[in-house]
Amino acid sequence: MRLVDRFRAQHWRMSRNQRTIAEYIMARPEECAFLTASELGRRVGVSESTVVRFAATVGFAGYPELQRALQEELRQRLSTVERLEAGREGIRQLGDPLQAVWQNDVNNLNRTFQNLSKEDFDRAVAMLAEARHIYVIGLRTSAAVAVLLTTALRYLGKTVIRIDLGVGDYWEQLDAAGPEDVVFGISVPRYTRWATDMLRYAHRRGVPTVVLTDNPVSPLSEFADVTLPAVTDFNSFIESFVAPLSLVNALILGVALHDEQRTLEVLRGREDLWREKQLYDSPEYVDWGDASQGNALRERRLLPLTGDQY
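FYI, numbering that gives the first Met the number 0 numbers position 234 of the sequence shown as 233, with every residue one higher than the one before it.
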């Protein structure tokens, strides 16, 4: 829900001072996004405690959560060009894009896993492990995360349908989902309208939903049974996907360990299939019972090169 909608919905509950705060924030969002509660109070002419109570009145756990939501809305408004221009100075100060990205991604990882609810993570793992079918939604840049999750869960024997826009039949695909299934949505700024629409549709039909997004108040979170926030902050024209990918790795491992015996059986079957189809170009897929194959590999990889082979 947008901040303006939150403010309107709770307007009748607000005191006169709280209404003044709401009006100030809406009139100067760029300024307010980076003010502390004390600073905002001084600008408006109210106490810091009044600002904190205002945040609670409009449905936030505290002022920092309200501030993050405001920053997120501002980030949504910026074009790719504006975002690159905004972050250029910070990169220049470090003097090295490599250092800038490294420091940024390490910070994102730390913030993600330090603040992640273990209860929510465990619930998401159980939902994925026990689902009949899993529908994965991840569009545009989020598609990379969706592909990793889909591929790895299929390794584990799960029936996974990755939904993309394709020929426009995504509504028909989602229409098959039921309460025994899970819809897993992935979206970060700038959020795609299609992803939000799909999550809304699944949620209203009673299909369990898990959302991986950048913060607990993203548009998708409204339609999630479980929200897994992963920090994607990066002062460039794209988001950083290091934390979302790492969180997906953790989910995959969690699902694998949910029923270890079944996982081992499925993976053994997968290995047999891959070996039969010679899927990977590596020594373990050579038929060592075939002398010609074995000898050829030894000659190619194990014997030292002679002078005329250099």
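For each residue, glycine too, the CB sits at the ideal point set by N, CA and C.
Here the structure is a predicted model, which is why all the values come from computation and not from measurement.
In the three-state DSSP reduction, Tyr200 falls in the helix class (H, G or I). Around the beta-carbon of Gln113, fewer than 16 other beta-carbon atoms lie within 10 Å, marking it exposed. Leu219 is the residue among Asn214, Asp174, Leu219 and Tyr169 whose C-alpha sits nearest the C-alpha of Thr191. In this chain, the alpha helix (DSSP H) harbouring Val265 covers Glu259 to Glu275.
Taking Tyr169 as reference, the option from Leu152, Ser116, Thr195 and Val187 with the minimal CA-CA separation is Thr195. In this structure, Leu244 places its C-beta atom within 9 Å of the C-beta atom of Ala143. In terms of Cβ geometry, Thr35 and Tyr62 form a close pair [threshold 9 Å]. Between Arg204 and Ser48, the alpha-carbon positions lie close to 41 Å from each other. For Pro188, the secondary structure class from DSSP, reduced to helix, strand or coil, is coil. Counting every other CB atom within 10 Å of its CB across the protein chains shown gives Met25 a total below 16, marking it as exposed. Tyr134 counts as buried, since at least 16 other C-beta atoms from the protein chains shown sit within 10 angstroms of its C-beta. Within its own chain, the residues whose Cβ lies closer than 7 Å to the Cβ of Val241, once the five positions on either side in sequence are excluded, are Asp104, Asn107 and Leu108, listed in chain order. By the Cβ-count criterion, Leu97 is exposed, with fewer than 16 other Cβ atoms from all chains shown falling within 10 Å of its own Cβ. Inclusion of Glu238 and Val187 in the CB contact set at 9 Å is warranted, their separation being smaller than that value.
Below 8 Å, enough C-beta pairs join the segment 261-270 and the segment 144-163 to call them touching: three or more.
Here Thr149 is near Arg161, since their CB atoms are less than 9 Å apart. Take Glu72, set aside five residues on each side of it, and the residues of its chain with a beta-carbon closer than 8 Å to its own are Arg1, Leu2 and Pro28, in chain order. Under the DSSP definition of a beta bridge, Thr212 partners with Ser186 and Pro228.
Judged by DSSP secondary structure, Tyr169 falls within the alpha helix (DSSP H) whose first and last residues are Tyr169 to Asp174.
The beta carbons of Phe120 and Leu227 sit closer together than 9 Å.
The alpha-carbon of Val230 is positioned some 5 Å away from that of Asp213. For the pair Val182 and Leu198, the CB atoms are nearer than the 9 Å cut-off. In the displayed model, Val181 falls within a strand according to three-state DSSP. Setting aside the 5 residues that flank it on each side, Asp224 is surrounded in the same chain by Pro207 and Thr208, each with a C-beta closer than 6 Å to its C-beta; the list follows chain order. Residue range Ile133 to Gly137 is occupied by the beta strand (DSSP E) that includes Val135. Listed in chain order, the non-local C-beta contacts of Ala123 below 7 Å within the same chain comprise Val209, Val225, Leu227 and Leu250, local neighbours out to five positions each way being set aside. Looking at the DSSP output, Ile162 bridges to Ile136. Burial is judged here by how many other beta carbons sit within 10 angstroms of a residue's own beta carbon; Gln17 has at least 16 and is buried.
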